[in-house]
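In what follows, a single structure is set out as structure tokens and then discussed.
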Amino acid sequence: MDLIKRLEIYRLENKISQEKLAEMLGVAFSTVNRWLNGHTEPNKIQKYHIEKLLKGKK
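Taking our numbering, the leading residue of the sequence shown gets 2, the next gets one more, and so forth.
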């Protein structure tokens with residue numbers, strides 16, 4: 002499954018706002034919004050942090 006789809010499922014299942022998700026990942030809200038709307042993709046470092054979040058690591 003696509004990383005961003007997994008991130009959106011994680012966000013919805015855990016009732017996390019896009020703003021809170023952005024804070025958790027250390028990026029701007031607009032960045033998360035662009036990912037989830039398919040306008041941009043995360044870079045390698047951002048992908049690493051997303052994977053860590055999805056695996057439950059801090």
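The C-beta atom is built at its ideal place from N, Cα and C for all residues, glycine as well. Source: prediction; values computed, not measured.
message = Taking 7 Å as the limit between beta carbons, can you name the residues of its chain near E4, skipping five residues before and five after?
response = Sequence index remark: in the sequence shown, residue 4 carries index 3 (1-based). The sequence as given places Leu at residue 4; Glu does not occur at that position. Within the same chain, L4 has close Cβ partners K48 and I51.
task = Using 10 angstroms around the beta-carbon of L13, count the other beta-carbons present and answer buried if the total reaches 16, otherwise exposed.
result = The residue labelled residue 13 in the question sits at position 12 within the sequence shown. Classification of L13: exposed, given that the 10 Å Cβ count is below 16.
key: Buried versus exposed, by CB contacts within 10 Å (16 or more), L22   = One-based indexing of the sequence shown puts residue 22 at position 21. Counting Cβ neighbours within 10 Å, L22 comes out buried, since at least 16 surround it.
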